[in-house]
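Participant: According to my numbering, the stretch in the sequence shown is residues 186 to 474, in order. The C-beta atom is built at its ideal place from N, Cα and C for all residues, glycine as well. Nothing here was measured: the structure is a model prediction, and the numbers come from that model.
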Amino acid sequence: MIKETNELIVCPGVYDGLSARTAIEVGFDSLYMTGAGTSASRLGMADLGLATLHDMRAQAEMICNLKPHGPPVIADMDTGYGGAMMVYRAVCEYVRAGVAGFHLEDQVLEKRCGHLKGKAVASREEWYIRIRAALQAKANLGSDIVLIARTDALQQLGYDECIARLKTARDLGCDVGLLEGFTSKEQARRCVKDLQGWPLLLNSVENGASPLITVSEARDMGFRLMIFSFASIAPAYQAIRATFQKLKDEGIIGTKGEITPRKIFEVCGLDDLAEIDMNSGGSSFKEGV
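1. Leu397 to Met247, Cα distance in whole Å?
2. Kindly indicate which three-state DSSP category Asn250 falls into: helix, strand or coil?
3. Could you check the C-alpha separation between Lys252 and Ser204 for me, to the nearest Å?
4. Just how far apart, CA to CA, sit Val452 and Val474?
5. In the DSSP assignment, the beta strand (DSSP E) including Leu320 goes from what residue to what residue?
6. Val199 lies in the beta strand (DSSP E); which residues open and close that run?
7. Terminal residues of the continuous beta strand (DSSP E) containing Ala394?
8. Which partner residues does Ala260 have in the DSSP bridge list?
9. Less than 7 Å between C-beta atoms, sequence neighbours within five positions excluded: which residues of the same chain meet that for Ile314?
10. Nearest to Asp240 by CA position, among Leu233, Tyr344, Asp232, Leu228, is which residue?
11. Which residue's Cα is closest to the Cα of Arg242: Val276, Gly222, Leu235?
12. Sorted by chain position, which residues of the same chain lie with C-beta nearer than 7 Å to Gln340's C-beta, five sequence neighbours on each side aside?
13. List the whole-angstrom C-beta distance separating Met230 from Asp261, where the pair is believed to meet the contact cut-off of C-beta under 8 Å.
14. Using a Cβ-Cβ cutoff of less than 7 Å, which residues in the same chain neighbour Gln244 once the five nearest sequence positions on both sides are dropped?
15. Tell me which residues share the same chain as Met186 and place their Cβ nearer than 6 Å to its Cβ, disregarding the 5 neighbours each side in the sequence.
16. Are the beta-carbon atoms belonging to Phe415 and Leu387 less than 8 Å from one another?
17. Since Gly234 contacts Asp263 with CB under 8 Å, what's their CB separation in whole angstroms?
18. To the nearest angstrom, how far is the alpha carbon of Ala334 from that of Arg317?
19. Count the other C-beta atoms from every protein chain shown that fall within 10 angstroms of the C-beta of Leu361, then say buried if there are 16 or more, exposed otherwise.
20. Quick one: residues in its chain with C-beta nearer than 6 Å to the C-beta of Ile348, no 5 flanking neighbours on either side, listed in chain order?
21. Report yes if the CB atom of Ala307 is closer than 8 Å to the CB atom of Gln321, and no otherwise.
22. Assign Asp345 to one of two classes, buried (16 or more other C-beta atoms within 10 Å of its C-beta) or exposed (fewer than that).
23. Go ahead and pull the three-state DSSP assignment for Phe450.
24. Helix, strand or coil: which one does DSSP assign to Gly362?
25. Count the other C-beta atoms from every protein chain shown that fall within 10 angstroms of the C-beta of Thr440, then say buried if there are 16 or more, exposed otherwise.
26. How many Å lie between Val390 and Lys471 at the Cα?
27. Compare the beta carbon distance of Leu355 and Trp383 with 8 Å and say whether it is the shorter of the two.
28. Over what stretch of residues does the beta strand (DSSP E) that includes Val331 continue unbroken?
29. What is the DSSP secondary structure of Gln381, counted as helix, strand or coil?
30. With distances taken between CB atoms, is the gap from Lys431 to Ile438 smaller than 8 Å?
31. Among the residues of its own chain, which have a CB less than 6 Å from the CB of Pro197, if the five just before and after it don't count?
Laid out in structure tokens, this is it:
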């Protein structure tokens, strides 16, 4: 998609099977598996680097394989979960899981969400070691998985350091660049110019550290990919909390009539599963559902 079109690739952030299925139902051509959402939904914990390779790979594998030939999935890979050998293993696991692309960042191993304060980054060389290990995994597996170089150095070391790091990542062979946490629209626009000719990804987190940039604005700036990390988990929390509060206060949930149990199951592949059973000669759905 990056090589064959000039379109901005928009990826809503999904964090579990239902959010991914809903994005597919709406018709998105690509998805983003958020690490923050995975930490919250799978572990019930804040995005502080607590999700392991096992947690992230398992979640990614499930999302990537919900629908045959479905939308490609970009998955968060945090810091790569260790040194060079661990990064190598992580990339191999993501490739086998069916992940289409991943971003690998330069925070220290005790990382945190890119939109929290107090981030610390590793040295340039430590990050480049991670990148070289990832590139070796790609080459040895003969994989076209997209390697996105992500720097979180803006908060601690400034804009010029970010650009220097990303230029080296580009020269090493990374497919896409990501500067996390822009402080202004002008800075985002400048980044595209400073790295002209290299596909850049924009991470949109509404109410986060960066200003709100719309899809049309990102397209005009020249970004090639755009992910919305909190696109499902923030409104999900908002809706779930309001519903639980209504239940506590009024003793009812108040779900709209068209959202029946069957509707949820249909979003989650009920018809496909019934077809599989019937095509195999089964009779589980003979009387309907």
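Facilitator: Inspection of the coordinates gives the following:
1. Approximately 31 Å, taken between the alpha carbons.
2. Asn250: coil per DSSP, three-state reduction.
3. Cα-Cα distance, rounded: 13 Å.
4. Those two C-alpha atoms are separated by around 14 Å.
5. Where Leu320 is concerned, there is no enclosing beta strand (DSSP E), although the alpha helix (DSSP H) around it starts and stops at 309-326.
6. Following the DSSP letters along the chain, one finds Val199 inside the beta strand (DSSP E) bounded by residues 194-199.
7. Annotation for Ala394: no beta strand (DSSP E) segment contains it, and DSSP assigns it neither H nor E.
8. In DSSP, Ala260 forms a bridge with Met218, Phe287.
9. The residues are Ala269.
10. Residue Leu228 is the option with its Cα nearest to Asp240.
11. Relative to Arg242, the option among Val276, Gly222, Leu235 whose CA is nearest is Val276.
12. Contacts found: Lys304, Gly366.
13. Rounded to the nearest angstrom, the Cβ distance from Met230 to Asp261 is 15 Å, too far for a contact under 8 Å.
14. Taking Gln244 as the centre and dropping the five residues before and after it, the same chain places the C-beta of Met218, Thr223, Arg227 closer than 7 Å to its C-beta, in chain order.
15. Only Ile194 meet the Cβ criterion.
16. No, Cβ-Cβ distance for Phe415 and Leu387 is not below 8 Å.
17. Confirmed, about 6 Å.
18. Spanning the alpha carbons of Ala334 and Arg317 requires a straight line of approximately 11 Å.
19. Contrary to the premise, residue 361 reads as Val rather than Leu in this sequence. A buried status is given to Val361, since no fewer than 16 other beta-carbon atoms sit within 10 Å of its beta-carbon.
20. Setting aside the 5 residues that flank it on each side, Ile348 is surrounded in the same chain by Asp379, each with a C-beta closer than 6 Å to its C-beta; the list follows chain order.
21. When the beta-carbon positions are compared, Ala307 and Gln321 stay at least 8 Å from each other.
22. With fewer than 16 Cβ atoms within 10 Å of its Cβ, Asp345 is classed as exposed.
23. The answer is helix: DSSP assigns Phe450 an H, G or I state.
24. The three-state secondary structure of Gly362, taken from DSSP, is strand.
25. Exposed, by the Cβ-count rule.
26. If you take the alpha carbons of Val390 and Lys471, they lie about 47 Å apart.
27. For the record, residue 355 in the displayed sequence is Arg; it is not Leu. In terms of Cβ geometry, Arg355 and Trp383 form a close pair [threshold 8 Å].
28. Taken as a continuous stretch (DSSP letters only), the beta strand (DSSP E) holding Val331 covers 331-336.
29. For Gln381, the three-state secondary structure derived from DSSP is coil.
30. Their beta carbons are under 8 Å apart, which means Lys431 touches Ile438 by this criterion.
31. Exclusion of the five residues before and after Pro197 leaves Ala208, Phe213, Phe413, Ala416 as the residues of its chain whose Cβ lies within less than 6 Å of its Cβ.
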